[in-house]
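**Student:** In the numbering used here, the protein residues as written are 160 to 449. The C-beta atom is built at its ideal place from N, Cα and C for all residues, glycine as well. Below is a structure I'd like to ask you about.
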Amino acid sequence: MTDVQQTATGAGARPVDPIAQAVQPRRRRRPRTRNLWANVVPSVVILAIVIAVWEVLVRSLEVRPQVLPPPSRVLEQGWAQRSTILEHAGATLQVTITGFAVSLVVAWIIAVSIDFSPVLRRGVMPLLVASQTIPIIAIAPLMIIWFGFGLLPKMLVVALVTFFPIVVGLVEGFNKTDREVTNLLRSMGGGRVKEFLFVRLPSALPTFFTALRIAITYAVTGAIFAEYVGAQQGLGIYMSVQKNAFRTDLVLAAVLVTAVLSICLYLLTFAIERLVIPWSFKERKARSAK
Numbered sequence: 160m161t162d163v164q165q166t167a168t169g170a171g172a173r174p175v176d177p178i179a180q181a182v183q184p185r186r187r188r189r190p191r192t193r194n195l196w197a198n199v200v201p202s203v204v205i206l207a208i209v210i211a212v213w214e215v216l217v218r219s220l221e222v223r224p225q226v227l228p229p230p231s232r233v234l235e236q237g238w239a240q241r242s243t244i245l246e247h248a249g250a251t252l253q254v255t256i257t258g259f260a261v262s263l264v265v266a267w268i269i270a271v272s273i274d275f276s277p278v279l280r281r282g283v284m285p286l287l288v289a290s291q292t293i294p295i296i297a298i299a300p301l302m303i304i305w306f307g308f309g310l311l312p313k314m315l316v317v318a319l320v321t322f323f324p325i326v327v328g329l330v331e332g333f334n335k336t337d338r339e340v341t342n343l344l345r346s347m348g349g350g351r352v353k354e355f356l357f358v359r360l361p362s363a364l365p366t367f368f369t370a371l372r373i374a375i376t377y378a379v380t381g382a383i384f385a386e387y388v389g390a391q392q393g394l395g396i397y398m399s400v401q402k403n404a405f406r407t408d409l410v411l412a413a414v415l416v417t418a419v420l421s422i423c424l425y426l427l428t429f430a431i432e433r434l435v436i437p438w439s440f441k442e443r444k445a446r447s448a449k
């Protein structure tokens, strides 16, 4: 036994067990798994109950399938039409991603410009708020009239729906910058650009990703609505055609695919957030543990 080990043992410290050290990381993973199950299981149980009640009531009351089909029929007919539905889902995904990409670029340009110019902030922010009072149901048909039935009008509708929450999230994040850190950087000779890159930008990332998760679900909804108004392909036009044919089962199948698409994009955004700003999750856990 070395002198250090003797000193530690003499002071009443327990010797380190290498086996216990190897097992300890596994024990730390268990609470995370339990928390995951605790968050997922209740939602799954409630959803299963709703589907079961829906199935029983529709069959016992003999509701016509054109009015409300049972979930089993929705799944059966949706699976039979899976190739067609997935083809339309691919078109919707293309509109969603391209429109959301345009929204991200525009939102970053506007938010950074507002952050650098107080005058621009006072002039632009009221206009941004006013733009959100215009109903999208009035904008989408105009986009179709002006730009036709191609990708561009639907992409613009998605961008209009999603850019505002991203701008607000970025501006709020810039405003939450710690002034003490900013003053310290300035005292060390850091200019406005360095202040933005090393202080204000990291401060804005948590609220940016929060807004991003909200906006990505809006993007899918905006794409569906734009396709519903006028398109040649996509889940929106597919729902419109099946509604006119009184195929409620296929309409609900398309709704189910839309929900799955939204959830997948939300989870993808959440995963990117964990990769880009892992320190933000550690701070949240520390606050929740108090």
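#1: What does the Cβ neighbour count give for Val182, buried or exposed, with the cut at 16 atoms within 10 Å?
#2: Could you check whether the segment 300–319 touches the segment 341–354, counting it as contact only if at least three pairs of C-beta atoms, one from each stretch, sit closer than 8 Å?
#3: Do Thr255 and Ala370 come within 7 Å of each other at the CB atom, strictly closer than that value?
#4: Ordered along the chain, which non-local residues of its own chain (more than five positions away) have a Cβ less than 7 Å from that of Ser421?
#5: Taking the Cβ atom as the reference point for each residue, do Leu329 and Ile436 lie within a distance shorter than 7 Å?
#6: At the level of alpha carbons, what is the spacing between Arg372 and Ile431?
#7: Closest to Ala207 by C-alpha separation, out of Arg218, Val226, Val222 and Pro230, would be which residue?
#8: Assign Arg351 to one of two classes, buried (16 or more other C-beta atoms within 10 Å of its C-beta) or exposed (fewer than that).
#9: Do you know offhand how far Arg280's Cα is from His247's?
#10: Could you have a look at Thr369 and say whether DSSP puts it in helix, strand or coil?
#11: Does DSSP classify Asp337 as helix, strand or coil?
#12: Are there 16 or more other CB atoms within 10 angstroms of the CB of Ser262, so buried, or fewer, so exposed?
#13: How many whole angstroms separate the CB atoms of Gln236 and Leu409, which I take to be in contact at a CB cut-off of 8 Å?
#14: Is the segment 211–226 touching the segment 390–401 in the sense that three or more CB pairs, one from each, lie closer than 8 Å?
#15: When DSSP labels each residue in this structure, what does Ser399 get in the three-state scheme?
#16: What residue from Phe333, Glu386 and Met347 has the CA that sits closest to Leu356's CA?
#17: Please classify Met347: does DSSP put it in a helix, a strand, or coil?
#18: With burial defined as no fewer than 16 other Cβ atoms inside 10 Å of the residue's Cβ, what is the status of Phe322: buried or exposed?
#19: Indicate the three-state DSSP secondary structure (helix, strand or coil) for Arg218 in the structure shown.
#20: Are the Cβ atoms of Gly249 and Ala318 separated by less than 7 Å?
#21: State buried or exposed for Glu386, treating a residue as buried only when at least 16 other CB atoms are found within 10 Å of its CB.
#22: Could you tell me the alpha carbon to alpha carbon distance between Ala239 and Leu245, rounded to whole angstroms?
#23: Near Val283, what residues of its chain come up, given a Cβ to Cβ distance below 8 Å and the 5 sequence neighbours on each side ignored?
#24: For Lys313, is the classification buried or exposed, using 16 other Cβ atoms within 10 angstroms of its Cβ as the cut-off for buried?
#25: Exposed or buried, what is Leu424 when buried is set at 16 or more other beta-carbons lying within 10 Å of its beta-carbon?
#26: Measuring only the C-alpha atoms, how far is Ala266 from Gly349?
#27: May I ask which residues mark the beginning and end of the alpha helix (DSSP H) holding Gln253?
#28: Over the uninterrupted alpha helix (DSSP H) stretch that includes Phe429, give me the two end residues.
#29: Judging by CA-CA distance, which residue of Ala374, Ser362, Gln391 and Ala413 is the nearest neighbour of Trp438?
#30: Determine the contact status of Ile325 and Ala260, defining contact as a CB-CB distance below 7 Å.
**Tutor:** The relevant details are as follows:
#1: Working through the sequence shown from its first residue, we reach residue 182 at position 23. Its pLDDT being 45, under 50, Val182 is placed unreliably in this model, and the value from its coordinates should be taken loosely. Val182 is exposed by the Cβ-count criterion.
#2: no
#3: Residue mapping note: residue 370 aligns to position 211 of the sequence shown, counting from 1. Residue mapping note: residue 255 aligns to position 96 of the sequence shown, counting from 1. Contact flag unset, no.
#4: Here residue 421 refers to the residue found at position 262 of the sequence shown. Within the same chain, Ser421 has close Cβ partners Thr376 and Val379.
#5: On the sequence shown, residue 329 is found 170 positions in, with the first residue counted as 1. On the sequence shown, residue 436 is found 277 positions in, with the first residue counted as 1. It is not a contact, given that the beta carbons lie outside the stated cut-off.
#6: Here the question's residue 372 lines up with position 213 in the sequence shown. Here the question's residue 431 lines up with position 272 in the sequence shown. Distance between the alpha carbons of Arg372 and Ile431: 10 Å.
#7: To locate residue 207, count along the sequence shown from 1; it is residue 48. Cα-wise, what sits closest to Ala207 is Pro230.
#8: Here residue 351 refers to the residue found at position 192 when the sequence shown is read from its first residue. Answer is exposed; the Cβ neighbour count stays below 16.
#9: Translated into positions along the sequence shown, residue 280 becomes position 121. Translated into positions along the sequence shown, residue 247 becomes position 88. Answer to the nearest angstrom: the Cα atoms are 41 Å apart.
#10: To locate residue 369, count along the sequence shown from 1; it is residue 210. Note: Thr369 maps to helix in three-state DSSP.
#11: For the purposes of this step, residue 337 is taken as the residue at position 178 of the sequence shown. Correct three-state label for Asp337: coil.
#12: On the sequence shown, position 103 is the one that residue 262 refers to. Label assigned to Ser262: buried.
#13: Residue mapping note: residue 236 aligns to position 77 of the sequence shown, counting from 1. Residue mapping note: residue 409 aligns to position 250 of the sequence shown, counting from 1. Yes, Gln236 and Leu409 are in contact; Cβ-Cβ is about 6 Å, under 8 Å.
#14: no
#15: The residue given as residue 399 occupies position 240 in the sequence shown. Helix.
#16: As a first step, residue 356 is located in the sequence shown; it is residue number 197 there, counting from the start. Taking only the C-alpha atoms, the option nearest Leu356 is Phe333.
#17: Taking the first residue of the sequence shown as position 1, residue 347 is located at position 188. The answer is coil: DSSP assigns Met347 none of H, G, I, E or B.
#18: If you number the sequence shown from 1, residue 322 lands on position 163. Classification for Phe322: buried.
#19: Numbered from 1 along the sequence shown, position 59 holds the residue referred to as residue 218. Three-state DSSP puts Arg218 in a helix.
#20: Translated into positions along the sequence shown, residue 249 becomes position 90. Translated into positions along the sequence shown, residue 318 becomes position 159. Cβ distance not < 7 Å, so Gly249 and Ala318 don't count as in contact.
#21: As a working mapping, residue 386 is identified with position 227 in the sequence shown. By the C-beta density criterion, Glu386 is buried, having at least 16 other C-beta atoms within 10 angstroms.
#22: Taking the sequence shown and counting its residues from 1, the one referred to as residue 239 is at position 80. Taking the sequence shown and counting its residues from 1, the one referred to as residue 245 is at position 86. Roughly 11 Å between the two C-alpha positions.
#23: Here residue 283 refers to the residue found at position 124 when the sequence shown is read from its first residue. For Val283, where only same-chain residues beyond five positions count, the Cβ hits under 8 Å are Ile269, Ser272 and Ile273.
#24: In the sequence shown, the residue the question calls residue 313 occupies position 154. Around the C-beta of Lys313, 16 or more other C-beta atoms lie within 10 Å, and the residue is accordingly described as buried.
#25: Taking the first residue of the sequence shown as 1, we reach residue 424 at position 265. Residue environment for Leu424: buried (at least 16 other C-beta atoms within 10 angstroms of its C-beta).
#26: For the purposes of this step, residue 266 is taken as the residue at position 107 of the sequence shown. For the purposes of this step, residue 349 is taken as the residue at position 190 of the sequence shown. Just so you know, the alpha carbons of Ala266 and Gly349 end up roughly 26 Å apart.
#27: Looking up residue 253 in the sequence shown gives position 94. Note, Gln253: alpha helix (DSSP H), Arg241 to Phe275.
#28: Stepping through the sequence shown from its first residue, residue 429 is reached at position 270. Segment Thr407 to Val435, the alpha helix (DSSP H) holding Phe429.
#29: Looking up residue 438 in the sequence shown gives position 279. Nearest option by C-alpha distance: Ser362.
#30: Translated into the one-based positions of the sequence shown, residue 325 becomes position 166. Translated into the one-based positions of the sequence shown, residue 260 becomes position 101. No, these two residues do not count as a Cβ contact at 7 Å.
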